[in-house]
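Reviewing the structure listed below.
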Ligand SMILES: Nc1ncnc2c1ncn2[C@@H]1O[C@H](COP(=O)(O)OP(=O)(O)OP(=O)(O)O)[C@@H](O)[C@H]1O
Ligand SMILES: [Mg+2]
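Chains as they are written, first to last, in my numbering: chain A, 9 to 270; chain B, 6 to 226.
Below is the structure:
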């Protein structure tokens with residue numbers, strides 16, 4: 009893969025996402041508290057934690073779908089949401105920085121009036137300004153990568169959940185993002201469809217894509233991650249490489265969580 | 006000469022009335038559609054003074070008898086120094102009135118639009134305007150298709166009111182013929198036939214358009 013060859017040749021310490029002192033409240037309830045997290049280029053970071061611990065909120069702050077009250081987030085060195093002068097970014101500027109992230113949602117959120125191919129080319133053409141020809145060629149490559157090229161002309165309503173999610177992954181990849189964000193990508197799937205989606209995500213990690221993944225699939229998290237983060241009531245209470253995290257967690261809370269989610 | 010033969014000889018008058026009705030209908034319904042789309046766009050986003058005023062305007066229009074609106078534009082506007090001829094008053098009234106209906110139809114469906122799709126669009130770097138044009142509006146139109154078809158028929162029928170502000174359209178033609186030769190029944194039967202024919206053609210076309218949305222899973226028409 010040409011693009012991954014490039015990524016590997018870069019400095020291993022290059023930072024894709026840097027989150028500093030992030031805090032976010034909903035109606036005076038602090039959902040994220042002073043979160044600090046650095047995602048290196050090419051790394052896979054999984055976020056674990058019980059329901060309501062703030063995992064989705066953290067992910068959604070990264071692409072500014074939620075606006076944090078405090079702290080900063082940089083995507084490939086560029087701050088999202090706030091200008092250098094400390095003002096709120098213009099809509100245009102925000103959309104441009106946002107396009108450096110690709111997000112995959114639990115509920116797929118494909119655009120049903122567009123067929124599979126056009127779901128993937130829509131943003132490259134109308135946001136990035138690519139030519140239709142170029143966008144379609146790239147889209148077909150990506151659909152091939154996620155094993156969906158045979159459904160290029162199908163409409164989303166005719167696809168299974170696993171197929172929808174694989175198209176959603178191709179759609180996000182088409183933006184050539186610096187980082188891919190996955191919010192429980194398999195939680196809405198029938199058990200027998202989970203595997204095909206996880207396999208695609210795994211293949212992306214092998215290609216060197218930078219990813220932040222919220223998941224409840226423990227064995228997947230263990231095998232795919234470079235770093236595991238555990239959120240509890242909006243605080244990062246454990247952060248470690250997967251081996252340490254799953255076999256030798258330092259906090260009692262995490263050990264209990266792993267015990268329950270075996 | 007029987008009554009039908011009289012009408013046949015006056016067919017040019019019917020024909021020009023029919024063309025006039027179709028022109029008025031075509032122009033005003035296109036404008037109404039655009040007005041409806043623009044209003045829907047203005048209603049996007051959170052509640053503000055604009056959206057509240059717009060909602061009040063839309064409801065006010067919808068609750069107004071169409072004829073009174075047409076009267077107001079034709080007879081009332083001149084007192085404000087704006088003088089429109091009968092044709093433009095009629096077209097303006099139809100466009101504004103049905104534009105508000107369109108807006109209301111769109112708005113109802115917009116409320117049920119899945120927020121996840123909007124989030125996906127934002128996450129892919131879409132700005133509000135492009136998101137609206139490319140992702141929201143096409144789906145809203147596909148989903149509201151049967152209601153829009155219905156509204157087209159209402160609008161077609163409302164063109165007949167314009168006879169009262171002296172627009173020379175189909176109903177006016179029938180009216181004048183029936184007055185001249187005293188053959189109201191036959192004249193109006195012809196007119197009814199015309200309105201029915203146009204409505205049926207529209208129904209068929211709208212139904213055919215349903216293939217688009219059925220393929221995408223929007224309805225089971
Ligand atoms: N838009 C919102 N308005 C108000 N409260 C919210 C909103 N979004 C999230 N919350 C609250 O913030 C907290 C964290 O939510 P979040 O969705 O980030 O949790 P999560 O870790 O993703 O949980 P889950 O595993 O159930 O998805 C929860 O208590 C939730 O109720
Ligand atoms: Mg969540």
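All residues carry an ideal CB built from backbone N, CA and C; glycine is no exception.
Would you report the Cα separation of residue 219(A) and residue 156(B), rounded to the nearest angstrom? Pairing residue 219(A) with residue 156(B), the inter-Cα distance amounts to about 49 Å.
For chain B, check one thing: does any of its Cβ atoms lie closer than 9 Å to the Cβ of residue 24(A)? no
How many angstroms separate the CA atom of residue 189(B) from the CA atom of residue 180(B)? 8 Å
Residue 238(A) and residue 223(A): beta carbons closer than 9 Å? no
Closest to residue 178(A) by C-alpha separation, out of 61(A), 112(A) and 71(A), would be which residue? 112(A)
Residues from the segment 173–203 of chain B in contact with chain A, defined by Cβ distance under 9 Å: none
Is residue 123(B) close to ligand 1? I mean its beta-carbon at under 8 Å from any heavy atom of the ligand. no
For residue 44(A), which residues from the same chain have a beta carbon less than 8 Å from its beta carbon, with the 5 sequence-adjacent residues on both sides left out? 27, 28, 29, 30 and 244
Thinking just about the alpha-carbon of each residue, which of 28(B), 11(B), 144(B) and 149(B) is nearest to the one in residue 107(B)? 149(B)
Keeping to the same chain, check which residues put their C-beta closer than 7 Å to that of residue 171(A); ignore five residues upstream and five downstream. Here the set comprises 156 and 159.
Could you check if residue 9(A) is buried or exposed, using at least 16 other CB atoms within 10 Å of its CB as the buried criterion? Reliability fails at residue 9(A), whose pLDDT of 40 lies under 50, so the model's placement of it is uncertain and the value that follows must be treated cautiously. By the 10 Å Cβ count, residue 9(A) comes out exposed.
I want to see whether chain B comes within less than 9 Å of residue 27(A), judged by CB atoms only; does it? no
Residues in the segment 125–145 of chain A with C-beta within 8 Å of chain B's C-beta atoms, listed in sequence order? 130, 131, 134, 135 and 136
Listed by chain order, chain D residues near residue 221(B) by CB distance under 7 Å: The chain labelled as chain D is not found among the protein chains of the depicted structure, namely A and B.
If you run the structure through DSSP and keep just helix, strand and coil, what is residue 212(B)? helix
Collapsed DSSP secondary structure at residue 11(A) in the structure displayed: In this prediction, residue 11(A) scores a pLDDT of 46, lower than 50, which makes its location untrustworthy; no coordinate-derived value is stated.
Members of the segment 93–114 of chain A near chain B, C-beta cut-off 8 Å: 99, 100, 103, 104, 106, 107, 109, 110, 111 and 113
Close-in-space but distant-in-sequence residues of the same chain around residue 162(B) (CB under 8 Å, 5 per side omitted): 200
Compile a chain-ordered list of the residues in the segment 49–78 of chain B whose CB is closer than 7 Å to at least one CB of chain A. Residues passing the 7 Å Cβ filter: none.
Do residue 29(B) and residue 95(B) have their C-beta atoms closer together than 9 Å? yes
Name the chain B residues that come within less than 8 Å of residue 183(A), Cβ to Cβ? Residues of chain B passing the Cβ test: 129 and 130.
Candidates 35(B), 152(B), 24(B) and 183(B), of which the one nearest residue 224(B) by Cα: Cα-wise, what sits closest to residue 224(B) is 152(B).
Between which two residues does the alpha helix (DSSP H) carrying residue 150(B) extend? 142–163
What are the boundary residues of the beta strand (DSSP E) that includes residue 32(A)? 23–34
So, helix, strand or coil for residue 173(A), using DSSP? helix
Roughly how many whole angstroms lie between the Cα atoms of residue 185(B) and residue 202(B)? 26 Å
In angstroms, rounded to a whole number, what distance separates the CA positions of residue 130(A) and residue 195(B)? 50 Å
DSSP state of residue 109(A), grouped into three classes? strand
So, does the segment 198–216 of chain A touch the segment 225–236 of chain A, judging by three or more C-beta pairs under 8 Å? yes
Residue 206(B) beta carbon near ligand 1 (any heavy atom closer than 8 Å): no
Rounded straight-line distance, which links the Cα of residue 72(A) to that of residue 235(A): 23 Å
Closer than 9 Å to chain A by CB, residue 226(B): Its pLDDT being 42, under 50, residue 226(B) is placed unreliably by the model, and nothing is read from it.
Kindly indicate which three-state DSSP category residue 58(A) falls into: helix, strand or coil? If DSSP states are grouped into helix, strand and coil, residue 58(A) belongs with coil.
By DSSP's criteria, residue 129(B) is part of a beta bridge. Which residues make up the other side? Partner(s): none; residue 129(B) has no beta bridge.
Using a Cβ-Cβ cut-off of less than 7 Å, list which residues of the segment 55–88 of chain A approach chain B; keep chain order. Residues of the segment 55–88 of chain A with a Cβ closer than 7 Å to any Cβ of chain B, in chain order: 71 and 73.
Examine chain A for any beta-carbon lying closer than 9 Å to the beta-carbon of residue 133(B), and answer yes or no. So, interface residue.
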